[in-house]
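A quick write-up on the structure given underneath.
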Amino acid sequence: MLSLVSQMASAHVPVAFSHAVAVRGCTQEDAPALEIYLTQRPFDGQGMPPKPYLHIEVAGTDWQPLVGRPLKLIPLSREGVDPQTTIVRAELDRGERSAQIFLAGTLRIKSAQPDRPVEGHYDFGTHAGQRWAGTFRAAWQETRGSGCGG
Amino acid sequence: MRTRFLLLLAAAMFVLSAARAASAAPTCYINYGGAENAKPNRLYLYFPASNDATYPEFGFSGLTTSPAHKFDPTELTSYTGSAADLRNRITDVVVDDYCEFDVHVEQTTSAPPATFARRNTVAIGTDTDPTASGTFGLAQNVDTGDLIPVDFARVWAGTYQTLYGGSGGALNGANSTLDRWARSIGGTAAHEGGHNFGESHGDGLILGPGEDVLTHHIMASGTHFSGEDRAGYRRHFSDHEYSILASNVGLAIQTVWNWDFVNPNAQTGVKLRISILSPLPSLIVSWFYNGNRSPWINPAVAGPSGTQVFKGTTYNKYTLTWSAGQPWINGSPGQVPGGTQFHVGAGFSSVDFNAPDPIIITDVALLDGSDNPLPLHPRFASYDAGSVDQADGAFNVHFFNVAAQNLIVQNVVVQDLPRVLSLNQMVVGGRMVDPRGRPFRPFSEGVRRLFTQPTYLKRGAVLNVPVARLNQRRYIDEVVDERACNSQDRLKGADTAKCTPGRNVALFPSTTTYITAQVVDPQAKHWDPQRKRYVIGPLASTLFYQIAGRHLPGDPGRKGRGNPGGVQKKAAPTPTTKR
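In the order they appear, the protein sequences are chains A and B. To get my numbering, take the position in the first sequence, counting from 1, and add 1. To get my numbering, take the position in the second sequence, counting from 1, and add 53.
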C-alpha cells in the first residue's frame with residue numbers, strides 16, 4: 002500500500018499518520034461513500050483500524066466531480082447543513098476509551114477512482130487547537146462486508 | 054384494583070404467549086402494562102400498504118427516500134412466507150432490541166400519526182435502493198444526544214433480495230426462512246432507528262473487555278456485516294451502544310429488587326405479602342423473579358389503599374403478594390417450611406421516566422393458608438432510590454430501619470453496570486448476564502465495597518450508602534461533534550457562543566447501579582430446623598437492588614424533556630446520618 006505522509010502540527014502530541022487505505026464504504030447516515038483511513042501502522046481496510054487513526058468519508062459513488070475542489074467538513078449531525086452540500090466528514094479516534102471526535106477543516110481530493118490509489122490533501126483540526134494537515138496516497142482495498150445500512 | 058390488574062396481566066400474558074406461539078424467537082420479556090403506551094419515545098416501523106408520496110425526502114448522493122415504497126414481500130422473490138408474518142417478525146426483532154428502553158416500538162401499515170412529540174419513523178419498503186449501490190437503509194441524521202424530536206429513516210428491504218436472495222445467498226433456498234429475513238431487515242431497522250436516537254457508527258466500534266464480537270452488535274457501519282452476520286444472528290446493542298441509548302432515550306426499568314429471606318417461623322408460609330410505599334398513583338410490576346429459589350411467581354399488586362407519611366413525604370400504600378406456587382428447590386410449590394431460606398424479586402416501571410421512584414418497604418409478612426400473618430417476620434431494611442447530599446456531593450441510597458429491632462448492615466457491594474442485569478441473576482452467586490443471557494462486566498473501576506464491617510442501623514435510623522459522587526468521572530463523556538461551531542469556517546474564528554458540541558454522556562452514576570447488602574438482626578428469635586426449636590441469634594436477609602441511572606442537571610439534551618435531573622427532584626431524607 003501506501004502512502005505519504007500526514008504531518009501533524011499540534012501544540013500537544015505530534016502524530017504522523019503515515020499509512021493510508023481507501024475503501025468503498027458508508028457515511029454516518031448509511032449513504033454510500035468513499036472512506037479513507039489514515040493510520041500510524043499498516044491497515045488493510047478489513048475490520049478495525051489500529052488506533053489512533055483519522056477516518057474520512059466522502060459521500061457518493063462517483064467522486065470525480067469533487068476532484069480539485071476544497072471540500073469543507075460538515076459536522077456529524079446534518080441538522081442545519083445545506084442539503085446540497087456534499088457530505089464530507091473526518092473523525093479522529095484517539096485510541097483512548099470512548100474517544101472519537103468529528104473534526105473541522107477541509108479535504109482536497111487529487112484523484113479518486115475505484116481500484117486505484119486515492120490521493121489528496123487534508124487540513125483538519127479541533128477548536129481545542131489541535132491540527133492535522135498533510136497529503137496522502139491511499140491504497141484501494143476491497144471490503145469484506147456488504148452495503149451500507151447496518 | 055387488584056382484580057383489574059390481574060385481568061390485565063392475564064390478558065397481557067395471553068397476548069404475549071399467543072405472539073410467542075407464532076414466533077420462534079422471543080420478543081420483549083418485560084410486561085410494562087399501562088406504562089408501555091406511555092413511553093415517551095415512539096419508534097414506528099412503517100410498512101406502507103401502498104407507495105406513500107407524502108413520506109419526507111431526506112436522501113442524498115442519489116438516494117431518495119420518498120415515496121416510501123410499499124411493503125410487498127412478493128417483491129422479495131426468494132421469500133415464501135406471508136407479508137403479515139414478516140411484518141410481525143421484523144417487529145419482534147426491533148421490539149426485542151429496544152425492550153429495556155423508554156421506546157415504544159409499534160408497527161403500522163399507514164402513515165404514523167403526528168400525535169407524539171418524540172417519534173422516530175422507519176419506513177420499510179421492499180424496493181431496492183435507487184442507486185443500486187447495495188444500500189440497506191438510510192437515517193435522516195445521526196442525532197447526537199437525540200436532540201431532534203421527530204426523525205425519519207428508510208429501509209430498502211429489496212437490497213437483501215438483490216444481494217443475498219440469489220443462488221447460494223444468505224437468504225436463498227433453505228436459508229430463506231422467516232427468522233433470517235426478519236433478523237436481516239429488523240437489524241437494519243434497529244440500526245437506522247438507532248442513528249436517529251443518536252448512535253453513530255463509531256459507537257459500534259467500542260467493545261468492552263470480554264464483550265462478544267462487533268458483528269453481533271447493531272451500530273457499526275454496514276460494511277462490517279456479511280449476509281450471514283445479518284441473517285444468521287439476532288444482533289443486539291453492545292455495552293457502549295446500550296449506554297448511549299439509555300442516556301438518550303431512557304430506561305423503562307426503574308428499580309429492581311430481589312431478596313433472600315428466611316422464614317423465621319416454625320410454621321409453613323404459603324404466601325408472602327410485602328407492604329410498600331410509592332409516590333406513584335399506580336404501580337406496575339413489569340418483571341419478577343421466576344427462578345427455582347422461589348416458591349412463587351407472578352406477584353400481584355393491590356392498592357393504592359390510602360396514604361402514609363414517611364420521612365416527611367406522603368406516599369401511596371400498596372401491597373405486593375406472592376401466592377402462585379411454582380416448583381422450587383427448598384420445598385413444595387408455594388410453601389416455605391419453617392427456618393427455610395427463599396427468594397423473591399420484582400421490577401417496577403412507571404410512567405415517570407425521568408428518575409427512578411422509590412419503592413419503600415414497610416413490612417414483610419409470611420401468611421398462612423387463611424391469609425393470617427405468621428407471628429415472626431423475615432428481616433429487611435427499607436431503602437430509597439437515592440438522592441444527592443448537597444453538603445458533600447455524595448449520591449446516597451438511604452437505608453431505613455422501620456422494624457422493631459436493631460439491625461446490622463454489612464458487606465455492601467456497589468457495581469456500576471453498562472446494561473441491565475438479569476433479574477433472575479440477582480441472587481447469591483448469580484452470573485453477570487443480561488436478561489437474554491449475554492455476559493457482560495461492570496465498568497472498570499466500577500466495583501466498590503462498603504460497610505465491610507458490621508454497621509448498626511438502629512430502630513428508626515437512616516444509613517447513608519454512598520454509591521457515587523457528583524464529581525466523579527462519567528463512564529462515557531465524549532464530545533463527538535463540534536456542531537454549530539461556526540458554519541462558515543469551523544477552523545477559524547469560531548463563534549464560540551454558538552458552539553454547542555454534540556456530546557454523549559452516560560447516565561449517572563452508570564446505566565444501572567447494582568447494590569447487594571446483607572441485613573442482619575443479631576438477636577432474632579427464629580426457628581432452627583436442625584434443632585427443631587426456636588433459638589435467639591443472627592437472622593440474615595440479603596438485598597439485591599438494581600437502580601436505573603439518571604441525568605444530572607447540565608447534561609446535554611435535557612432541556613424541554615421533563616425533569617432534567619432526578620438527583621434534584623428528591624430531597625434527601627432527614628436525618629441523613631447514622632445514629
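Heads up, the beta-carbon is just placed ideally off N, CA and C, and yes, glycines get one too.
Under a criterion of Cβ atoms nearer than 7 Å, the residues of chain B adjacent to glutamine 29 of chain A are, in order, Val195, Ser253 and His254.
Taking the C-beta atoms as reference points, glycine 239 of chain B is found nearer than 8 Å to valine 146 of chain B. The C-beta distance from valine 208 of chain B to threonine 241 of chain B rounds to 5 Å, short enough to fall under 8 Å. The beta strand (DSSP E) runs of length 3 or more contained entirely in the region 407-442 of chain B are, from start to end of the chain, 413-420 and 440-442. In this structure, B:Pro495 is the residue among B:Pro380, B:Gly446, B:Thr508 and B:Pro495 with its C-alpha nearest to the C-alpha of isoleucine 568 of chain B.
About 10 Å separates the beta carbons of threonine 372 of chain B and leucine 325 of chain B, which is beyond the 8 Å limit, so they are not a contact pair. Each of A:Leu93, A:Asp45, A:Gln29 and A:Gly96 was checked against the Cα of valine 59 of chain A, and the nearest Cα belongs to A:Gln29. Taking 9 Å as the Cβ-Cβ cut-off, the region 478-501 of chain B approaches chain A at Ser497, given in chain order.
Under the three-state reduction of DSSP, glycine 255 of chain B is assigned to helix.
For leucine 55 of chain A, the enclosing beta strand (DSSP E) starts and ends at 54-60.
With a threshold of 16 other beta carbon atoms within 10 Å, serine 328 of chain B meets it and is buried.
Glycine 439 of chain B counts as buried, since at least 16 other C-beta atoms from the protein chains shown sit within 10 angstroms of its C-beta.
For aspartate 534 of chain B, the chain A residues whose Cβ falls inside 7 Å of its Cβ are Pro76, Leu77, Ser78 and Phe103, in order along the chain. Secondary-structure assignment with DSSP links threonine 181 of chain B through no beta bridge to anything.
Chain order gives the chain B residues near glycine 61 of chain A as Ser114, where near means a beta carbon separation below 7 Å.
In the structure shown, serine 112 of chain A adopts extended strand secondary structure according to DSSP, grouped into three states. By the Cβ neighbour-count rule, glycine 607 of chain B is exposed, with fewer than 16 other Cβ atoms within 10 Å of its own. Bridge pairing for histidine 270 of chain B: B:His289 [DSSP].
Contact note: glycine 130 of chain A does not reach chain B at a C-beta cutoff of 8 Å; the least C-beta distance is about 10 Å.
Scanning its chain for C-beta atoms nearer than 6 Å, with the 5 sequence neighbours on each side dropped, one finds around glycine 26 of chain A the residues Ala34 and Glu36, in chain order.
Shown here for glutamine 379 of chain B: same chain residues with a beta carbon closer than 6 Å to its own, the five before and five after excluded, namely Ile350 and Pro386 in chain order. For leucine 191 of chain B, the chain A residues whose C-beta falls within less than 7 Å of its own C-beta are Glu30, Asp31, Ala32 and Gly150, listed in chain order. Along the region 267-279 of chain B, the positions whose C-beta sits under 8 Å from a C-beta of chain A are Leu267, Ile271, Met272, Ala273, Ser274, Gly275, Thr276, His277, Phe278 and Ser279, read in chain order.
When DSSP reads this structure, cysteine 152 of chain B sits in no beta bridge, so it has no partner. Think of a sphere of 9 Å around the beta carbon of threonine 144 of chain A: the chain B residues whose beta carbon falls inside it are Thr276 and His277, in chain order. Below 8 Å, too few C-beta pairs join the region 273-284 of chain B and the region 460-474 of chain B to call them touching: fewer than three. In the structure shown, proline 126 of chain B falls within a helical segment according to DSSP collapsed to helix, strand and coil. For asparagine 141 of chain B, the three-state secondary structure derived from DSSP is helix. With fewer than 16 other Cβ atoms from the protein chains shown falling within 10 Å of its own Cβ, glutamate 498 of chain B counts as exposed. According to the DSSP assignment, tyrosine 368 of chain B belongs to the beta strand (DSSP E) that extends over 366-375. In this model, alanine 102 of chain B and isoleucine 143 of chain B are separated by some 16 Å (Cα to Cα). At a Cβ-Cβ threshold of 8 Å, tyrosine 132 of chain B and threonine 118 of chain B do not count as neighbours.
DSSP, read as helix, strand or coil, puts tyrosine 295 of chain B in helix. Under the three-pair Cβ rule at 8 Å, the region 122-140 of chain A does not count as touching the region 556-568 of chain B.
Between leucine 510 of chain B and phenylalanine 452 of chain B, the beta carbon gap of about 6 Å places them in contact (Cβ cut-off 8 Å). Looking from the CA of valine 558 of chain B, the closest CA among B:Gln576, B:Asn345, B:Trp312 and B:Pro609 belongs to B:Pro609.
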